[in-house]
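Protein chains in written order, with this note's numbering: chain A, 17 to 371; chain B, 17 to 371; chain C, 17 to 371; chain D, 17 to 371.
By construction, the Cβ of each residue, glycine as well, lies at the ideal position given by its N, Cα and C atoms.
All of these numbers come straight from a predicted model, not from anything done at the bench.
Protein chains: 4
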Amino acid sequence: MGKRIALLTSGGDCAGLNAVIRAVVRRAHHAYDFDVIGIRKGTHGLLARPVEIEELKPGHDDTALLRLGGTVLGTTNKGDPFAFPMPDGTLKDRSEEIVEGFRALDLDALIGVGGDGSLKILSRLALQGGIPFVGIPKTIDNDVARTERAVGYTTAVATATEALDRLQPTAASHDRLMVLELMGRDAGHIAIAAGVAGGADVVLIPEIDWTLQIVVRRVKDLRVAGRNFALIVAAEAARPSDVDGSAVEAAGGIGHWLGVELGRLTGAETRVTVLGHVQRGGVPNAEDRLLGSALGVHAVDLVAQGRTGRMVAWWNRDVVDVPLEEVVAVPSVVDPQGPVVRTARGLGICLGDTL
Amino acid sequence: MGKRIALLTSGGDCAGLNAVIRAVVRRAHHAYDFDVIGIRKGTHGLLARPVEIEELKPGHDDTALLRLGGTVLGTTNKGDPFAFPMPDGTLKDRSEEIVEGFRALDLDALIGVGGDGSLKILSRLALQGGIPFVGIPKTIDNDVARTERAVGYTTAVATATEALDRLQPTAASHDRLMVLELMGRDAGHIAIAAGVAGGADVVLIPEIDWTLQIVVRRVKDLRVAGRNFALIVAAEAARPSDVDGSAVEAAGGIGHWLGVELGRLTGAETRVTVLGHVQRGGVPNAEDRLLGSALGVHAVDLVAQGRTGRMVAWWNRDVVDVPLEEVVAVPSVVDPQGPVVRTARGLGICLGDTL
Amino acid sequence: MGKRIALLTSGGDCAGLNAVIRAVVRRAHHAYDFDVIGIRKGTHGLLARPVEIEELKPGHDDTALLRLGGTVLGTTNKGDPFAFPMPDGTLKDRSEEIVEGFRALDLDALIGVGGDGSLKILSRLALQGGIPFVGIPKTIDNDVARTERAVGYTTAVATATEALDRLQPTAASHDRLMVLELMGRDAGHIAIAAGVAGGADVVLIPEIDWTLQIVVRRVKDLRVAGRNFALIVAAEAARPSDVDGSAVEAAGGIGHWLGVELGRLTGAETRVTVLGHVQRGGVPNAEDRLLGSALGVHAVDLVAQGRTGRMVAWWNRDVVDVPLEEVVAVPSVVDPQGPVVRTARGLGICLGDTL
Amino acid sequence: MGKRIALLTSGGDCAGLNAVIRAVVRRAHHAYDFDVIGIRKGTHGLLARPVEIEELKPGHDDTALLRLGGTVLGTTNKGDPFAFPMPDGTLKDRSEEIVEGFRALDLDALIGVGGDGSLKILSRLALQGGIPFVGIPKTIDNDVARTERAVGYTTAVATATEALDRLQPTAASHDRLMVLELMGRDAGHIAIAAGVAGGADVVLIPEIDWTLQIVVRRVKDLRVAGRNFALIVAAEAARPSDVDGSAVEAAGGIGHWLGVELGRLTGAETRVTVLGHVQRGGVPNAEDRLLGSALGVHAVDLVAQGRTGRMVAWWNRDVVDVPLEEVVAVPSVVDPQGPVVRTARGLGICLGDTL
């Protein structure tokens with residue numbers, strides 16, 4: 017008889033989540049005749065009473081899911097269930113409520129789609145509830161370890177690159193310095209990839225120590241060499257090592273701070289764009305649809321084979337799976353000696369550490 | 017014998033300017049054997065000594081110009097030549113320097129591409145220099161009178177609509193209220209058009225008096241009716257009539273102010289995007305290429321016919337031309353009784369004046 | 017008490033139909049409390065027994081309709097009900113069956129979205145059934161009279177222009193002559209607009225008499241002048257006046273015929289693309305969403321006001337309505353003296369009638 | 017003192033070639049002060065007398081190269097120099113002419129961008145001329161061995177996926193069976209990847225034996241299950257194993273043949289799109305720009321290090337290089353047991369070999 021599995025998406029949304037959902041539902045029904053219960057809004061759907069769930073069945077119109085950003089299950093990135101922020105300001109362990117929710121659903125397994133933080137929480141909850149768990153990595157930041165790519169990353173890079181494509185002609189038309197702040201709370205993957213692909217002159221990421229002084233020098237050098245515009249990309253977490261970080265916060269983030277400082281120190285006309293949430297949404301690109309489909313299919317296969325406690329991943333041209341404990345140990349950040357940084361330096365892009 | 021005409025782009029850049037340049041150069045050479053002198057950076061190229069110019073000839077690779085944002089001639093929106101900001105902080109009339117520049121070029125006519133402000137200045141300069149002038153309207157804001165569309169407008173609407181397309185799925189996935197601030201210093205054309213096309217729930221424009229109170233009510237009503245997200249679009253010039261405008265400035269603009277206020281008053285999780293300069297650049301859409309080509313061709317025809325002192329325009333399914341003085345009198349703003357506002361209301365979009 | 021109206025989409029699908037449906041449903045419910053019955057697959061839904069219908073209600077997730085190509089109601093372009101092709105090869109008048117279908121629905125009015133052919137049939141059916149009718153124009157070909165634009169046209173032009181954007185670099189890289197065949201059964205609107213916007217060298221449309229001889233001359237002249245590639249755009253209905261049309265049919269259409277003939281007569285390496293049905297689908301552009309929304313709202317208003325027997329339209333910067341009989345008399349084709357043709361000639365594009 | 021290296025692009029063009037050119041020029045000048053000679057039109061530029069070359073220097077406006085499809089150097093896929101088709105119909109070994117061309121340029125190394133066929137020819141020519149050679153893999157077909165991705169592949173997949181995105185809504189609106197023929201002369205990589213990403217129901221590739229009979233069954237089964245449309249993707253090289261291949265050629269290719277046969281055997285209304293050369297052009301996606309940049313930088317590094325006779329590649333999350341002889345031995349086709357095929361089967365996509 018078929019198993020009964022639950023599926024939820026957790027943490028910040030991104031492109032390709034609906035491709036994962038579609039793949040899980042198709043694989044579960046067509047290959048194994050499993051029932052799939054969708055839990056709404058991540059673990060929040062299990063904190064609600066009654067729990068917020070819906071049965072997921074394959075439909076004739078599921079093609080549209082491939083093109084749809086976000087997640088039709090909803091998600092949340094508010095509230096670690098083990099230390100949940102209560103209205104009175106205190107933190108409360110609500111994990112047992114979620115586990116009760118799981119139990120009421122009478123599940124054989126749980127498949128959770130999330131970043132490293134969400135996967136850690138979900139696997140702990142599943143352990144507590146005695147529910148076999150399989151994780152699927154997603155995050156625009158691409159900082160989940162042990163997978164080459166997480167769902168949502170390449171679409172975010174594409175969107176950020178397209179923003180540079182739009183900013184470059186207006187920068188050149190007006191002899192302007194354009195600063196683009198991109199998402200990336202811990203890792204600069206989006207910033208360095210989009211910076212290379214979009215033709216940035218300077219890229220600032222948290223993995224590489226950089227100084228305002230060197231950035232200013234590079235901008236001035238470009239002007240002296242006859243270049244009338246400049247494109248500066250900064251990951252939101254990038255901070256200068258020669259200036260007190262509180263100044264950046266006071267300015268409203270690294271983008272706005274750079275805009276003011278570079279304008280002041282170079283005399284260039286400067287404009288700032290904080291790309292923000294448009295990086296999350298949008299039509300998923302082919303890569304994220306393919307990745308999400310591959311990972312979703314494999315996650316169901318793992319459940320069917322009883323190989324749980326694992327995260328599915330893309331590695332060396334194949335779909336694989338790895339123990340969850342290896343994944344959640346340490347985030348994957350940009351390797352300062354890796355191929356993307358080497359390419360950036362090879363193109364003459366300034367990373368703020370040397371001219 | 018062929019005439020000698022100069023071409024410049026002035027004011028903020030936008031999509032389609034290079035289609036105008038391509039059309040002017042092609043028409044001038046193929047039909048009339050005119051020489052075309054491109055002046056760099058708007059009137060600034062004529063303040064420089066030597067003047068910054070380049071001869072423009074039709075080329076085999078001019079197809080690429082159709083796809084290229086910005087303006088290959090460069091532009092500027094700093095500095096009215098009649099009251100030019102000098103380094104010492106004073107304003108100086110530098111119009112005679114520009115007129116000298118014109119004279120040194122030995123021109124038969126000047127074609128200028130600009131918004132209403134630029135066209136006014138250019139026609140005044142041309143008059144002072146005794147140079148026949150033809151204007152071509154461009155502005156993402158679409159606030160030039162006597163033309164249905166200015167070059168650059170529809171691409172900006174498309175870009176803004178695409179931003180809403182990206183924000184909606186992430187808003188729905190997270191039960192969020194998304195605020196999108198769009199360009200529009202005097203007119204709300206981009207905001208109302210993109211708001212209708214992108215499915216906004218609330219659109220705030222300077223042409224319609226609106227209150228924070230009504231916006232809050234609408235957001236609350238949507239929640240009560242079961243809608244888990246909301247999309248709020250605001251033109252940068254929109255200001256509430258029930259709150260002192262200085263609070264908006266202090267918050268860093270209407271978008272950020274709405275984000276804080278709506279979050280506070282509705283309890284909704286709120287995110288703000290200020291789309292900024294990505295609205296200017298990007299690949300021009302087919303409409304702006306077609307419009308720019310049509311206006312560029314007609315502008316050269318007017319010069320050839322000696323019918324100067326006019327602006328070319330799109331009106332009632334045709335390319336026409338109108339006296340410049342009629343154009344620069346009053347900007348074209350959104351008609352509160354016009355078809356776009358009626359459509360917005362017809363769809364149930366809240367414009368902040370009534371529920 | 018509220019009326020009961022039916023809505024159907026008829027003829028070839030296009031971008032923006034779902035924006036029309038969304039607007040009709042929103043306006044009908046929010047402003048008038050009308051019930052809206054959606055009829056599936058155009059009039060075919062009324063030939064089926066039971067009739068294929070669904071009640072349409074405004075939903076919280078109707079934003080997605082704006083971004084969705086095609087029509088969620090389905091459509092058909094097979095079978096004039098007055099001369100319906102039967103399995104045995106005969107034609108049968110099945111209009112009375114449809115009228116019965118209408119009657120069973122107990123309707124106060126019918127809103128039909130279609131091209132000129134569909135609108136003609138629908139208005140005749142409605143007359144026969146005694147049902148007040150309002151038409152909304154849609155067609156990628158833009159050949160509906162009395163409206164500046166039909167829903168779906170500008171998205172089709174954008175898609176066709178994008179195809180030229182993709183073909184030009186590969187043509188230039190390989191010194192190739194690229195032929196692009198675009199839709200347009202009676203009118204060359206898409207071909208001439210995309211040809212101008214996409215930088216075509218030659219555009220062939222049914223409204224202008226052209227010869228293969230002149231096209232060959234133009235291609236050879238371009239080569240002599242040093243241009244290594246050429247872009248030829250042809251509307252599917254374009255036929256040479258110096259060659260027997262049956263040769264075109266035998267070659268599989270104008271695109272393939274031109275490819276063979278131009279390759280043979282100019283010696284150039286030639287490639288042919290027949291863009292086909294990708295012109296219909298795709299994410300509707302902002303313009304088609306705005307137009308579809310405006311027309312949908314106004315159509316419901318006409319029903320509410322009892323002003324039926326009319327088609328809604330866009331004309332001179334406004335939403336208007338016109339008597340249906342004026343619409344269906346004659347299709348709107350490209351005006352050989354109109355602004356788009358003048359612009360094409362002004363840019364030096366060859367239309368096959370003169371060099 | 018700096019070396020003197022030549023760069024050429026060879027074979028069919030694709031997206032990302034200009035990113036390669038930009039990277040080679042930037043790296044050569046900034047890091048090593050090498051001169052870079054661009055050879056025009058692949059090896060054809062060396063058959064011409066005088067040879068067609070241009071010196072390539074880094075420019076202030078090289079950002080535009082990232083966004084430009086095709087190759088600014090031109091390319092060709094006509095004519096193996098070792099068996100060159102002469103006007104009289106004979107084949108002639110013209111390799112010595114090319115070698116002479118190399119010698120006249122006084123080169124220290126040659127960098128060639130090509131598919132496996134081109135790389136084989138180029139390395140043989142370089143050997144004959146005694147010129148150290150480094151290859152960079154490019155091909156939309158992604159059939160170059162020893163690299164995970166060749167430049168141009170992911171953009172082609174994106175374009176093909178977008179075509180499916182456009183076809184699906186029109187297929188569903190009209191209850192149609194849509195056949196899409198995609199490029200892929202020897203390998204089905206584009207077809208299977210785009211088929212998965214774009215939601216195809218059936219994907220036919222040359223690597224998997226398939227029968228018309230099974231495809232017909234699947235289409236009928238979909239209808240029976242209530243699905244009103246179907247999307248069929250076929251690589252151009254796919255051929256049925258139950259029908260004589262000459263029938264496919266006679267029909268004008270696999271797409272048109274499937275259209276006729278499926279229409280006949282299933283009774284479904286069928287439409288065929290042969291996507292053709294639009295798959296080559298277009299704005300390169302971020303992935304191809306990044307890949308092209310990484311490979312271009314590394315190729316120059318190899319020259320500087322004297323490590324020639326190698327092809328640069330992307331492998332296991334890094335830029336690497338491999339002996340050319342290993343590359344050209346066998347093309348990389350779709351692995352019938354690999355992750356993409358498994359994903360396709362996991363989603364329930366029919367590959368024509370089993371239902």
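With 8 Å as the threshold, decide whether the Cβ of residue i is near any Cβ in chain A.
| i | result |
| --- | --- |
| B/L62 | no |
| D/G58 | no |
| D/G146 | no |
| B/G86 | yes |
| B/G268 | yes |
Give a yes or no on whether the C-beta atoms belonging to residue i and residue j are separated by under 8 Å.
| i | j | result |
| --- | --- | --- |
| C/G368 | C/I230 | yes |
| A/D132 | A/V343 | yes |
| C/T177 | C/A207 | no |
| A/L198 | A/L291 | yes |
| A/T59 | A/I114 | yes |
| D/T286 | D/L228 | no |
| B/V319 | B/V160 | no |
| A/L340 | A/R323 | no |
With a threshold of 8 Å between beta carbons, is residue i in contact with chain D?
| i | result |
| --- | --- |
| A/T7 | Only positions 17 to 371 of chain A appear in this structure, which leaves residue 7 of chain A out of reach. |
| C/G90 | yes |
| A/L363 | yes |
| A/V313 | yes |
Between which two residues does the alpha helix (DSSP H) holding residue i run?
| i | result |
| --- | --- |
| A/V343 | 340 to 343 |
| A/V350 | Run containing A/V350: none; DSSP gives neither H nor E here. |
| B/A209 | 205 to 214 |
| A/A315 | 302 to 321 |
| A/L6 | In the structure displayed, chain A extends from 17 to 371; residue 6 of chain A sits before or after that span and is not available. |
| D/I230 | 228 to 240 |
What span of residues does the beta strand (DSSP E) with residue i cover, start to end?
| i | result |
| --- | --- |
| C/I127 | 125 to 130 |
| C/P185 | It is not in any beta strand (DSSP E) - C/P185 instead sits in the alpha helix (DSSP H) that spans 169 to 190. |
| A/G54 | 51 to 55 |
| B/L82 | That residue, B/L82, is in no beta strand (DSSP E); its alpha helix (DSSP H) goes 79 to 83. |
| C/F151 | First, the residue type needs correcting, since residue 151 of chain C is Gly and not Phe in the sequence shown. Element bounds for C/G151: 149 to 153. |
| D/T25 | 20 to 25 |
Does residue i have its Cβ less than 8 Å from a Cβ in chain B?
| i | result |
| --- | --- |
| A/P185 | yes |
| C/L23 | no |
| A/H45 | no |
Hey, is residue i's beta-carbon within less than 8 Å of any beta-carbon in chain C?
| i | result |
| --- | --- |
| D/A241 | no |
| B/R323 | no |
| B/I33 | Note that residue 33 of chain B is Leu in the sequence shown here, rather than Ile. Output row for B/L33: interface = no. |
Original post:
Is the stretch 181 to 190 of chain D in contact with the stretch 295 to 303 of chain C, if contact means three or more CB pairs nearer than 8 Å?
Top reply: yes
Original post:
Are three or more beta carbon pairs between the stretch 37 to 57 of chain A and the stretch 65 to 80 of chain A nearer than 8 Å?
Top reply: yes
Subject >> Three CB pairs or more closer than 8 Å across the stretch 249 to 261 of chain B and the stretch 219 to 235 of chain B >> reply: yes
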